[in-house]
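> One gets the working numbering by counting positions in the sequence shown from 1 and adding 64 to each.
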Amino acid sequence: MSELENKYVEKAIPPTREERLEATDAYHGCSCDLLECSRNCCLKGRDRDFWQGSSACQMFLSVMMSAPIENTVLIMHGPVGCGHQLHMVTNSTNAGKTARGLVPKPVNWLSTNLSTTEIVNGGEKKLREAIEYADKTFRPEFIFVLSTCAPNIIGDDVEKIISDESKVVSAQLTAIHCPGFRSKYVSSAYDAFYHALIRHIKLEPIAYKDYVPLNPADPASGFLAAGYEYKKKYTVNVMTLESMGPQDENELTRILNGLNLNVNVLPEYSNADKIRFVSESALNVSLCWMHDDYFVKYLKDKYDVPYYMGMPLGLKATRKWLVDIGEHFGLKAEAERLADYEEKLVLEAIAPFKEKLKGKRVMISGGAVRSAVEASLIHDDLGMEIVSVIGLLYDSNAEPSFEELTKDHPDVPVVISDQPYEFVNQVKTYKPDIVLCHANGLSEPAKLGAVTVPEFDVGGAYFGYNGVFQVARQLAFALENDSYVKEVSKHVKFPYKKSWYEKDPFAYLKD
Ligand code: SF4
């Protein structure tokens with residue numbers, strides 16, 4: 065058997081990003097040096113003299129990935145405080161469900177509420193009770209146990225409980241091993257979530273539930289089998305992102321339907337019936353190199369379904385995405401014709417905005433892959449200048465996007481940082497006309513008086529041709545009037561001393 069691309073599937077607990085990849089959240093320089101460092105394994109040692117907290121714990125991102133799956137119960141196995149963010153999950157998932165035409169429902173979640181008694185004696189009994197209670201009370205399709213810091217420190221054998229209780233409950237039961245202390249990189253949650261699917265969730269159709277096996281004696285069986293295989297041969301799975309909303313899903317489906325391909329968008333905002341068919345496709349498409357490699361490599365190993373990774377953001381990347389996928393299905397010429405047609409339309413549509421945007425200076429900040437790919441949209445499609453590309457964290461999965469950045473924009477400064485004090489200093493020092501910013505960080509540049517636009521927003525459109533148009537329109541609209549942020553900035557005081565703004569924003573980075 066050929067070597068597995070995903071070597072971790074047999075392990076009870078998935079590796080963290082820092083264990084399986086080169087990763088950093090402390091870098092300033094050019095993309096070519098970042099790439100060299102990534103390839104020569106020298107990223108891990110990068111550090112700062114001063115850290116100002118960090119981004120969210122991987123458990124929260126695990127909640128964001130699992131909660132939108134329909135008919136799910138989340139069990140937070142840990143002290144009740146770990147669940148403080150769960151109160152807002154129903155709002156965000158219901159907004160996503162409503163926008164996709166799904167029925168909004170409260171997210172059912174429980175906490176095992178580990179107290180000092182369980183921290184001493186173990187929390188396994190409480191977890192077993194919570195699983196059985198969840199199954200009887202809510203009758204869900206899925207139960208996701210979120211294994212937090214405390215049970216991992218005291219040594220609860222969560223995988224053994226999953227294995228035992230799976231024989232008792234009717235729901236599909238799995239555990240997301242996501243203790244915050246194990247990883248400083250929130251992206252470890254991507255692997256933790258997919259590991260939970262791989263280990264215990266059914267990823268194949270079930271006879272007599274999903275299909276009736278063909279009877280070879282039936283004269284129509286050959287015809288029916290060929291029909292099914294033909295459909296499967298032209299079916300694509302597009303993997304969801306938390307930063308992607310229904311407009312993006314619809315746009316990518318529209319483009320691929322233009323090549324007569326069938327499209328499934330999953331696993332978020334999908335359900336058990338759809339997830340079982342994840343193995344029944346001809347190609348798995350990941351929209352972000354840093355998000356899905358754990359899962360699509362497993363699907364390649366297990367079901368021999370090939371994968372393609374690429375983010376269709378901006379005209380160049382969208383053309384490449386479309387043509388590469390088209391080529392996979394022998395439809396390269398058709399994909400090129402479709403790209404020509406769509407580009408002509410969108411270039412006409414954005415022409416009035418380009419006049420307003422030309423030469424404006426943009427700071428791009430957010431996910432590393434998205435920020436690197438976005439540089440082409442901002443500079444090549446819209447004629448704007450790039451002040452810098454800031455990624456919150458980087459790992460070696462992001463190399464392809466930084467290779468493109470190095471090829472096309474070798475002089476653009478690259479920063480890998482989630483430190484607010486560095487970000488605020490950069491905005492003050494470089495004075496961009498506009499900051500294209502991660503949705504969680506919009507307030508800081510706005511309070512400094514900088515015009516700010518989200519790098520992603522699940523209510524907006526960013527991918528494909530619709531995305532190019534919507535981003536251009538959004539930027540032009542934001543630049544029309546900056547009086548609100550200018551006024552706000554007069555009344556906001558940041559906690560930093562004046563002397564900090566006189567220093568190099570990267571003064572605390574160690575070489
Ligand atoms: S870091 Fe650990 S204790 Fe804190 S919220 Fe995350 S899982 Fe809970």
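Built from N, CA and C at the ideal position, the CB exists for glycine as well. What you are looking at is a predicted structure, and each value in this text was computed from that prediction instead of being measured.
1) Taking just the CA atoms, how far does E519 sit from E544?
2) Which of the three DSSP states, helix, strand or coil, is assigned to E182?
3) Within a Cβ cutoff of 8 angstroms, which residues of the same chain sit near W564, ignoring the five residues on either side of it in sequence?
4) Restricting to Cα atoms, I'd like to know which of S227, Y197, R203 and S247 is closest to N216.
5) Any C-beta of chain C sitting closer than 8 angstroms to the C-beta of D255?
6) Distance check for G142 and K190, CA to CA, integer angstroms please.
7) State whether the stretch 419–436 contacts the stretch 390–408, with contact taken as three or more CB pairs (one from each stretch) at a distance under 8 angstroms.
8) Assuming A239 is part of the beta strand (DSSP E), what are its boundary residues?
9) Is the beta carbon of L573 sitting closer than 8 angstroms to the one on A90?
10) Taking 7 angstroms as the cut-off, is the CB of T180 close to at least one heavy atom of ligand 1?
11) Look at the alpha carbon of H502 and the alpha carbon of V453, and state the distance between them as a whole number of angstroms.
12) Consult DSSP for D368 and reduce its assignment to one of helix, strand or coil.
13) Give the DSSP-derived three-state secondary structure of M65 in the structure shown.
14) Can you say whether T201 is buried or exposed, counting buried as having 16 or more other CB atoms within 10 angstroms of its CB?
15) Tell me E449's beta-bridge partners as DSSP assigns them.
16) Are the beta-carbon atoms of W58 and S440 separated by less than 8 angstroms?
17) With a threshold of 16 other CB atoms inside 10 Å of the CB of N531, please say whether the residue is buried or exposed.
18) What's the gap between the Cα of M448 and the Cα of L506?
19) Is there at least one non-hydrogen atom of ligand 1 closer than 7 angstroms to the beta-carbon of F245?
20) In terms of residue numbering, what span does the alpha helix (DSSP H) encompassing V127 cover?
21) Could you tell me the boundaries of the alpha helix (DSSP H) in which I139 lies?
22) Look at the Cβ atom of L305, then the Cβ atom of L261, and state whether they are nearer than 8 angstroms.
23) By the DSSP assignment, the alpha helix (DSSP H) with V208 in it spans what residues?
24) Apart from the five residues on each side of it in sequence, which residues of its chain come closer than 7 angstroms, Cβ to Cβ, to R401?
25) Whose C-beta lies closer than 6 angstroms to the C-beta of S307 among residues of the same chain, with five residues either side of it excluded?
26) Touching or not, the stretch 269–277 and the stretch 335–348, by the rule of three or more beta carbon pairs under 8 angstroms?
27) Taking DSSP as the reference, what is the three-state secondary structure of V556?
28) So what's S175 in DSSP terms, helix, strand or just coil?
29) Specify, as a first and last residue, the run of the alpha helix (DSSP H) that L500 falls within.
30) Can you tell me the Cα-Cα spacing of M303 and K561, whole angstroms?
31) G291 lies in the alpha helix (DSSP H); which residues open and close that run?
32) Applying the criterion that 16 or more other CB atoms from any shown protein chain within 10 Å of the CB defines a buried residue, is P331 buried or exposed?
33) For ligand 1, is there a heavy atom less than 7 angstroms away from the beta-carbon of M152?
34) Using the three-state DSSP reduction, which class does N326 fall into: helix, strand or coil?
35) So is K557 buried or exposed if we call it buried at 16+ other beta carbons inside 10 Å?
36) Using the Cα positions of L395 and D444, report the straight-line distance between them to the nearest angstrom.
Well, looking at it:
1) E544 and E519: Cα-Cα distance of roughly 18 angstroms.
2) In the structure shown, the three-state DSSP call for E182 is helix.
3) Once the five neighbours on either side are set aside, the close Cβ partners of W564 are Y485 and N489.
4) Nearest to N216 by alpha-carbon distance, out of S227, Y197, R203 and S247, is S247.
5) Here there is only one protein chain, and chain C is not present.
6) Going by the C-alpha atoms only, they are around 10 angstroms apart.
7) Segments in contact, no.
8) Q236 to H241 is the extent of the beta strand (DSSP E) around A239.
9) The answer is yes: Cβ separation under 8 angstroms.
10) Checking the Cβ of T180 against ligand 1 gives no.
11) Answer to the nearest angstrom: the Cα atoms are 12 angstroms apart.
12) Of the three classes helix, strand and coil, the one that applies to D368 here is coil, per DSSP.
13) Low per-residue confidence applies at M65: pLDDT is 45, beneath 50, and the placement is therefore not dependable, though the value from the model is reported in the following sentence. In the structure shown, M65 adopts coil according to DSSP, grouped into three states.
14) The residue in question, T201, is exposed, as its Cβ has fewer than 16 Cβ neighbours within 10 Å.
15) Secondary-structure assignment with DSSP links E449 through a beta bridge to R425.
16) An answer regarding residue 58 cannot be provided, because it is not within the stretch 65 to 575 covered by the chain.
17) Residue 531 is actually Gly in this sequence, not Asn. That one is buried.
18) Taking the CA atoms as reference points, M448 sits about 20 angstroms from L506.
19) Yes, ligand 1 has a heavy atom inside 7 angstroms of this Cβ.
20) Start and end: Q122 to S130.
21) If you look at I139, you'll find it isn't in any alpha helix (DSSP H); it sits in the beta strand (DSSP E) that goes T136 to H141.
22) The answer is no: Cβ separation not under 8 angstroms.
23) Here the sequence assigns Phe to residue 208, which means Val is not the residue at that position. Where F208 is concerned, there is no enclosing alpha helix (DSSP H), although the beta strand (DSSP E) it sits in stretches over F206 to S211.
24) Listed in chain order, the non-local C-beta contacts of R401 below 7 angstroms within the same chain number zero, local neighbours out to five positions each way being set aside.
25) Once the five neighbours on either side are set aside, the close Cβ partners of S307 are F520.
26) Because the criterion of three Cβ pairs below 8 angstroms is met, the stretch 269–277 and the stretch 335–348 touch.
27) Under the three-state reduction of DSSP output, V556 falls in the coil class, being neither helix nor strand.
28) The answer is strand: DSSP assigns S175 an E or B state.
29) No alpha helix (DSSP H) contains L500, which is instead part of the beta strand (DSSP E) from I498 to C501.
30) M303 and K561: Cα-Cα distance of roughly 44 angstroms.
31) The continuous alpha helix (DSSP H) containing G291 extends over residues S285 to K297.
32) Label assigned to P331: buried.
33) No, the beta carbon of M152 sits no closer than 7 angstroms to any heavy atom of ligand 1.
34) N326 falls in the strand class under three-state DSSP.
35) Burial call: exposed.
36) The alpha-carbon separation between L395 and D444 amounts to approximately 27 angstroms.
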